[in-house]
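Student: If you read the sequences in order, they're chains A and B. Under the working numbering, the first residue of the first sequence carries the number 1, and numbering increases by one thereafter. Under the working numbering, the first residue of the second sequence carries the number 1001, and numbering increases by one thereafter. Yeah, the Cβ is synthetic: ideal placement off N, Cα and C, and Gly gets one too. Encoded as structure tokens, here's the structure I'll be asking about.
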Amino acid sequence: MSALSEAWPDTYGDEAKPRMGFFTDTSICIGCKACEVACKEWNLIPEDGLVWTGESYDNTSELGANSWRHVAFIEQRKPLKVDGNGDTAELDVEPLRWLMSSDVCKHCTHAGCLDVCPTGALFRTEFGTVVVQEDVCNGCGYCVPACPFGVLDKRHLPTRPEDAPLELPLLGKQEDGRVWKCTLCYDRLKGGHEPACAKACPTDSIQFGELDELRERADKRLEKLQAENWNGAQLYGRDPDDGVGGFGAFFLLLDEPEVYGLPPDPVVPTKNLSEMWINTAVAAAATLVGAALAFIGGRG
Amino acid sequence: MQADGQGWLYVPQGLEDGPLPTHYEPHESPFDNPLYSQRANPARQQNEDLPEDPYNPPGSDEYPYVVTTYRLTEHHTAGGMSRFVPYLSELQPQMFVEVHPDLARERNLKHADWATIVTARSAIEARVLVTDRVRPLRMNGREVHQVGLPYHWGSRGLTTGGAANDLEHMALYPNVHIQEVKALTCDIRPGRRPRGRALVDFVTGKRERAEKS
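The structure is reproduced here in structure tokens:
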């Protein structure tokens, strides 16, 4: 892994706090989208288009600069529960389930966005979260392809005034192509509050807390759901040995991650950086040697 | 609910249709009452003398489907407050109609295209959301399809659209005087609704055919 990620959290010394995160238990998500609205209200995110998608009740479609929480709606002809043999347990002639899942920035242990940011706008907070500082970000966009989840996104507001969304009173200047993403409500955490989405969630599908404790809680919840034969119950991003070193915001899903539009095996792209540099050096050396040989050969 | 804070099953006085709860079919129901020969609530209030508020003749082929209305979490009542809030409007930005895949096939409705929903009162248009969630009703050996409508849209706000309440009739429950907004009959057709005079002709034409048959 890159040096930046390795250094955390020692860089904070005595100021380091326990690592905070989200456990999003999608088995109790009711799809109310209160998280999306609370997030936008607190963080003063602009409205980003009145577009009806026809994708069930999901009109947000994806995470982006103007959507830091996204509730996915998936309609399936699958039963909610299965028996031990994998057959339908309920006497349900036409099995049907409606999956809902509130997606968010994963606040990875090894964060690609953080590794590639040339300005230092992206930083690791004392809570172990990853935050973009809007007064430092210069909009270079390196972090956008560095995120294995497609979370990082540049904000583009319409240049023509007639296309502009309703003015938000506290946004003093026109936003300008900088990158915006979930901060895990860094300002609220500083004040000892939980993030806006977790606060607004009426079913506690979004749980906020110390990551170690959340992982324990998630293990127990998974055990319970599996004992009750819930179809496809699995944790996503809980494993600290995965390609991004585990998520700071992880999930309990009821089907494979792909079903929710999540990558099944995310890997931080900077993982291969040293190998790539070695390969480049080898190639450069080979080119030089080849060129030298060509001259030597030419003389002969 | 009574003054003592309890709900009563046996209510000796005060109810127009007491003293015991029972089942009646809605005014426009395509089914007979499975309990006894009295189909709909005999105490319901009807506006017999309101020509602008006609009823679909029960069982008419012109209005073969059941239509029901409901709320979405993103909007409040008919949307008069929430349709003016950008954060809520962007989450449910357009009026839609939910139909089962079988009904979509039957009426040639395409997902995300437009459909027109018509009753004896009016016709509105909505985007089509084909979904397994709206299941057909299977009763007395018959299958009747349902049409699902959120009722949050109207003519003003950040998002505008067909008002499901335009389709409602005024047969009122006797005690609370609320119209039967959850159970009506309708027809659904592909495409947008006619405009202006053509809309009136479309709605009255259908109603006249229903009354003749």
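1. Assuming the contact rule is C-beta atoms closer than 8 Å, Ala-1126 of chain B and Phe-1096 of chain B should be a hit. Round their C-beta distance to whole Å, please.
2. Can you tell me which of the three DSSP states Phe-247 of chain A falls into?
3. Could you work out which residues of chain A lie near Ser-1089 of chain B, taking near to mean beta carbons separated by less than 9 Å?
4. Any Cβ of chain B within less than 8 Å of the Cβ of Gly-243 of chain A?
5. By a C-beta neighbour count over all protein chains shown, 10 Å radius and 16 as the cutoff for buried, is Pro-202 of chain A buried or exposed?
6. Find the nearest neighbour of Glu-1143 of chain B within the set B:Pro-1064, B:His-1023, B:Pro-1057, judged by alpha-carbon distance.
7. Along chain A, in chain order, which residues have C-beta atoms closer than 9 Å to that of Gln-1045 of chain B?
8. Note down the Cα distance separating Cys-29 of chain A from Cys-137 of chain A, rounded to an integer number of angstroms.
9. Tell me whether Asp-25 of chain A is buried or exposed, calling it buried when 16 or more other Cβ atoms sit within 10 Å of its Cβ.
10. Could you tell me the distance, in whole angstroms, from the CA atom of Pro-1051 of chain B to the CA atom of Leu-252 of chain A?
11. Per DSSP, what are the beta-bridge partners of Ala-1040 of chain B in this structure?
12. Compile a chain-ordered list of the residues in the stretch 93-117 of chain A whose CB is closer than 9 Å to at least one CB of chain B.
13. Got a sec? Which residues, its chain only, sit under 7 Å from Tyr-1173 of chain B by beta carbon, not counting five neighbours each side?
14. Please look up how many angstroms separate the CB atoms of Thr-1116 of chain B and Arg-1192 of chain B, rounded, as I've assumed it's under 8 Å.
15. Could you check whether the stretch 1086-1096 of chain B touches the stretch 73-84 of chain A, counting it as contact only if at least three pairs of C-beta atoms, one from each stretch, sit closer than 8 Å?
16. What does the Cβ neighbour count give for Ala-281 of chain A, buried or exposed, with the cut at 16 atoms within 10 Å?
17. State the DSSP-derived secondary structure class of Pro-257 of chain A, mapped to helix, strand or coil.
18. Consider the Cβ of Arg-1083 of chain B: report whether some Cβ of chain A lies at a distance smaller than 8 Å.
19. Give the residues of chain A in contact with Leu-1184 of chain B, contact being defined as C-beta atoms less than 8 Å apart.
20. Does chain B have any CB closer than 8 Å to the CB of Thr-60 of chain A?
21. At 7 Å on the CB atoms, spell out the chain B contacts of Arg-77 of chain A, in chain order.
22. Buried or exposed: which applies to His-1145 of chain B, given that a residue is buried once 16 or more other Cβ atoms fall within 10 Å of its Cβ?
23. For Arg-1127 of chain B, would you say it is in contact with chain A, using Cβ-to-Cβ distances shorter than 8 Å as the test?
24. Here's the rule I'm using: 16 or more other beta-carbon atoms within 10 Å means buried, otherwise exposed. How should Pro-1012 of chain B be labelled?
25. Determine, for Pro-1093 of chain B, whether the minimum Cβ-Cβ distance to residues of chain A falls below 8 Å.
26. Unbroken alpha helix (DSSP H) runs of length 4 or more, entirely within the stretch 9-70 of chain A: which are they?
27. To the nearest whole angstrom, what separates the beta carbons of Ala-1120 of chain B and Tyr-1055 of chain B, a pair I think is in contact under 8 Å?
28. Report yes or no: do the stretch 49-65 of chain A and the stretch 221-233 of chain A share at least 3 C-beta pairs separated by less than 8 Å?
29. Are any of the Cβ atoms in chain B nearer than 8 Å to that of Glu-41 of chain A?
Tutor: On the basis of the coordinates in this document:
1. 5 Å
2. coil
3. Glu-47, Leu-50
4. With 8 Å as the cut-off, Gly-243 of chain A does not count as an interface residue toward chain B.
5. With fewer than 16 other Cβ atoms within 10 Å, it is exposed.
6. B:Pro-1064
7. The premise fails here: Gln-1045 of chain B is roughly 35 Å from chain A at the closest Cβ pair, so nothing lies under 9 Å.
8. 34 Å
9. buried
10. 56 Å
11. B:Glu-1025
12. Glu-94, Leu-96, Trp-98
13. Arg-1044
14. 7 Å
15. no
16. exposed
17. helix
18. no
19. Per Cβ cutoff of 8 Å: no residues; Leu-1184 of chain B is ~23 Å from chain A at best.
20. With 8 Å as the cut-off, Thr-60 of chain A counts as an interface residue toward chain B.
21. Asp-1132
22. Buried, because 16 or more other Cβ atoms sit within 10 Å of the Cβ of His-1145 of chain B.
23. yes
24. exposed
25. yes
26. 34-43
27. 6 Å
28. With the cut-off at 8 Å, the stretch 49-65 of chain A and the stretch 221-233 of chain A do not touch.
29. Judged by the 8 Å Cβ criterion, Glu-41 of chain A is in contact with chain B.
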